[in-house]
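J.: Note that this note's numbering has the sequence shown beginning at 67, numbered continuously upward. Input: one structure, supplied below.
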Amino acid sequence: MNVIVDLCVVPIGVGVSVSEYVAACERILDEAGLRHQMHAYGTNIEGEWDQVFTAVKRCHEVVHQMGAPRISTSLKVGTRCDRAQTMQDKIDSVNSKLKGEPPPSRHPDYEQGAAQGKELMSEDCIFCKIVTGEIPSDQLYQDELVTAFRDISPQAPVHLLIVPNRHFNDFGQMGDEQAAIMGRIAEVAGLLAVEEGVAPDGWRFVTNIGENGGQEVLHTHFHLLGGRPLGPLLAR
Ligand code: AMP
């Protein structure tokens, strides 16, 4: 389960300046690979529940080791299971209202898709619900960034789908900021290809975008196909 927390670690008995202790905590969050954003009265952190709370524990351990005899931490904790939502999504949502613009995730294709009655909003997105477990799937892998599960209608002996946990309508909407997600997708694809036994003979990894691409589910996903010769890339 993913969580967003607001963490404020206050060492007691160390004088009026706490910046070196805060810096130590920020380093811990970096090392844990957690996304975090410092602000004047604490730090917002997001990630998988156990990873976040392991890092919070580590902050206490290190700040004590640095000489603080007491620590008083305040923590706000938020989870949601209706859809995936990041800290940035929350900020973007408010900013777009301030600017009077539609939410930034709404690519021009979004309106087009909406007109076609397709599943677009992350609230209604079947793959968002698979990520949160609201809809069952034959899941093979999940971490804080990506989820992999078997395609319900396999087109080859091995047909898996790998999706980012966060909602993007399609691959074309992803950019530099999603480098960590894309890197993880590549890593998980390679691992699953080995696990599923298709690595030695080769496999195919494709993503469909939009109507001409034949995309049916508007949540970025990659098909991992293998287990037989797959023929030419495009049907003739
Ligand atoms: P695309 O045409 O690229 O959008 O691919 C969507 C894929 O999602 C298809 O191969 C479907 O068979 C698959 N799919 C749809 N619903 C589910 C589901 N509930 N569980 C697993 N795969 C699904």
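Virtual Cβ for every residue (Gly too), placed ideally from N, Cα, C. From a predicted model like this one, the values you see are computed outputs, not experimental measurements.
Please report how far the alpha carbon of isoleucine 275 lies from the alpha carbon of alanine 121, in whole angstroms.
T.: The straight-line gap from Cα to Cα measures roughly 38 Å.
J.: Within a Cβ cutoff of 7 Å, which residues of the same chain sit near phenylalanine 193, ignoring the five residues on either side of it in sequence?
T.: So the list reads Val229, Val283, His285, His287, once near-sequence residues are dropped.
J.: Could you tell me whether the segment 116-132 touches the segment 144-155, where touching means 3 or more Cβ pairs closer than 8 Å?
T.: As far as the Cβ criterion goes, the segment 116-132 does not touch the segment 144-155, which means the pair count is below three.
J.: Return the chain-ordered list of same chain residues with a C-beta closer than 8 Å to the C-beta of arginine 294, the five sequence neighbours on each side being excluded.
T.: The answer, listed in chain order, is Ala222, Pro223.
J.: Let me know if glutamine 281 comes out buried or exposed under the rule of 16 or more other beta-carbons within 10 Å of its beta-carbon.
T.: Result: buried.
J.: Excluding the five sequence neighbours on either side, which residues of its own chain have a C-beta within less than 6 Å of the C-beta of arginine 101, listed in chain order?
T.: Taken in chain order, the residues that qualify are Glu112.
J.: What is the rounded straight-line gap between the Cα of valine 272 and the Cα of threonine 109?
T.: For valine 272 and threonine 109, the distance between alpha carbons rounds to 38 Å.
J.: Along the beta strand (DSSP E) that carries glutamate 253, what are the first and last residues, could you check?
T.: From DSSP, glutamate 253 is part of no beta strand (DSSP E) but of the alpha helix (DSSP H) over 245-261.
J.: Taking the DSSP output, what are the residues bridged to alanine 214?
T.: DSSP, once it has assigned bridges, lists Tyr207, Ile228 as partnering alanine 214.
J.: Note down the Cα distance separating alanine 89 from valine 71, rounded to an integer number of angstroms.
T.: Rounded to whole angstroms, alanine 89 to valine 71 spans 18 Å at the Cα level.
J.: So for valine 283, helix, strand or coil by DSSP?
T.: Three-state DSSP puts valine 283 in coil, outside helix and strand.
J.: Please list the terminal residues of the continuous alpha helix (DSSP H) segment that includes valine 128.
T.: Element bounds for valine 128: 115-131.
J.: Look at the Cβ atom of arginine 250, then the Cβ atom of leucine 211, and state whether they are nearer than 8 Å.
T.: Yes, they are a contact pair.
J.: Where do the ends of the alpha helix (DSSP H) carrying phenylalanine 193 lie?
T.: Looking at the DSSP string, the run of the alpha helix (DSSP H) that includes phenylalanine 193 is 192-198.
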